Amino acid sequence: EAAVTQSPRNKVTVTGGNVTLSCRQTNSHNYMYWYRQDTGHGLRLIHYSYGAGNLQIGDVPDGYKATRTTQEDFFLLLELASPSQTSLYFCASSDRQNTLYFGAGTRLSVL
Amino acid sequence: SQWGEENLQALSIQEGEDVTMNCSYKTYTTVVHWYRQDSGRGPALIILIRSNEREKRSGRLRATLDTSSQSSSLSITAAQCEDTAVYFCATVVGDNSKLIWGLGTSLVVNP
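Chains as they are written, first to last, in the working numbering: chain A, 1072 to 1182; chain B, 316 to 426.
What follows is the structure in structure tokens.
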């Protein structure tokens, strides 16, 4: 069964801290995505990628970097975390019909 | 209805009732995705409808797509408590590489 696994599931850091969120998919999908979800804003796209070494800018990229090291692995980096980045983060991969398969999410708190 | 700048919609109904959620979009599209998100989990696709289908059914779910009015609906017949979730519509834009998401409809089905 297709799977998207995110780690960690929960993370607490301080303002200015360095955070890496990890995502691995076993779907053999080319596209992978990072979203953040906040009440009142729905799902907002941060970055996405269509293959290893590729990175595309999403709709809310400020303060975030991402890296796609392999077809399976996509990382989201917050190098100087701020309280405004406290959110629920989702990773997803998509098939050729643009159907997204989401991970279980990472809840990040920046104090 | 849900889209873009609109607030998250909230519906509360009794078990056994029928319910319809609406989605309107600003750009021409030929496919609409409907996802549901259960508490503590990532969204999951429940039905995908294309412009040549106009209507699509899956169990107690029924989706419609009207390209002339740029709108889609999702209906649930005889709702059950386990239908409690947030429902999102999404459509493909641009180069088919990403989805545009509505803000979601929170549905609570009471016993």
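Built from N, CA and C at the ideal position, the CB exists for glycine as well. No experiment lies behind these values; they were computed from the predicted model shown.
Contact with chain A by B:E320, beta-carbon distance below 8 Å:
If you number the second sequence from 1, residue 320 of chain B lands on position 5. Caution is warranted here: a pLDDT of 37 is assigned to B:E320, below 50, making its placement in the model unreliable, and the coordinate value is therefore given only provisionally. Taking Cβ atoms only, chain A never reaches closer than 8 Å to B:E320, which makes this a no.
Of all Cβ atoms in chain B, is any one closer than 8 Å to the Cβ of A:N1169?
Within the first sequence, numbered from 1, the residue matching residue 1169 of chain A stands at position 98. Answer yes: the Cβ-Cβ gap between A:N1169 and chain B drops below 8 Å somewhere.
Short of 9 Å Cβ to Cβ, which residues in the stretch 1109–1127 of chain A face chain B?
T1110, G1111, H1112, G1113, L1114, R1115, L1116, Y1119, Y1121, Q1127
By Cβ distance below 7 Å, which residues in the same chain neighbour A:P1079 in space, the five residues on each side in sequence not counted?
Indexing the first sequence from 1 puts residue 1079 of chain A at position 8. Hits under 7 Å: T1177.
Who are A:G1113's beta bridge partners in DSSP?
Counting from 1 along the first sequence, the entry for residue 1113 of chain A is found at position 42. A:D1109, per the DSSP bridge assignment.
Same chain, Cβ closer than 6 Å to B:T379, neighbours up to 5 away in sequence not counted
Counted from its first residue, the second sequence places residue 379 of chain B at position 64. E370, S388.
Given this structure, state the Cα-to-Cα distance separating A:F1173 from B:S383, to the nearest angstrom.
Locating residue 1173 of chain A in the first sequence gives position 102, counting from the first residue. Locating residue 383 of chain B in the second sequence gives position 68, counting from the first residue. Roughly 31 Å separates the two Cα atoms.
Going by DSSP, what residues sit across from A:D1144 in a beta bridge?
Locating residue 1144 of chain A in the first sequence gives position 73, counting from the first residue. Looking at the DSSP assignment, A:D1144 forms a beta bridge with A:R1095.
Proximity test, Cβ basis, 8 Å: B:V407 and chain A:
Here residue 407 of chain B refers to the residue found at position 92 when the second sequence is read from its first residue. For B:V407, the answer is yes, since a Cβ of chain A falls inside 8 Å of its Cβ.
For the stretch 322–332 of chain B and the stretch 418–426 of chain B, state whether three or more C-beta atom pairs, one from each stretch, are separated by less than 8 Å.
yes
DSSP three-state call for A:D1130: helix, strand or coil?
Looking up residue 1130 of chain A in the first sequence gives position 59. Residue state, collapsed to three classes: coil.
Would A:L1159 and B:L414 be called neighbours here (beta carbons separated by less than 8 Å)?
To locate residue 1159 of chain A, count along the first sequence from 1; it is residue 88. To locate residue 414 of chain B, count along the second sequence from 1; it is residue 99. Result no, Cβ atoms of A:L1159 and B:L414 do not sit closer than 8 Å.
Does any CB atom of chain B fall closer than 8 Å to the CB of A:F1161?
Here residue 1161 of chain A refers to the residue found at position 90 of the first sequence. Chain B, which has a Cβ nearer than 8 Å to the Cβ of A:F1161, makes this yes.
Provide the residue span of the beta strand (DSSP E) that contains B:E370, from first to last.
As a first step, residue 370 of chain B is located in the second sequence; it is residue number 55 there, counting from the start. Note, B:E370: beta strand (DSSP E), 370–373.
My output table needs one value for A:S1155: the three-state DSSP class, helix, strand or coil.
Sequence index remark: in the first sequence, residue 1155 of chain A carries index 84 (1-based). Three-state result, A:S1155: helix.
If you run the structure through DSSP and keep just helix, strand and coil, what is B:T406?
Along the second sequence, read from residue 1 onward, the residue named residue 406 of chain B stands at position 91. Three-state DSSP puts B:T406 in a strand.
Exposure label - B:N322; buried when at least 16 CB within 10 Å:
For this step, residue 322 of chain B is matched to residue 7 along the second sequence. Confidence in B:N322 is poor, its pLDDT being 49 and thus under 50, which makes the residue's placement too unreliable to answer from.
Going by beta-carbon coordinates alone, are B:S390 and B:D333 separated by less than 8 Å?
Counting from one through the second sequence, the residue named residue 390 of chain B turns up at place 75. Counting from one through the second sequence, the residue named residue 333 of chain B turns up at place 18. In this structure, B:D333 lies closer than 8 Å to B:S390 by Cβ.
Neighbour-count burial assignment, B:E320, 16 or more Cβ in a 10 Å radius
Residue numbering aside, residue 320 of chain B sits at position 5 when the second sequence is read from its first letter. Note that B:E320 scores a pLDDT of 37, beneath 50, so its modelled location is shaky and nothing firm can be said.
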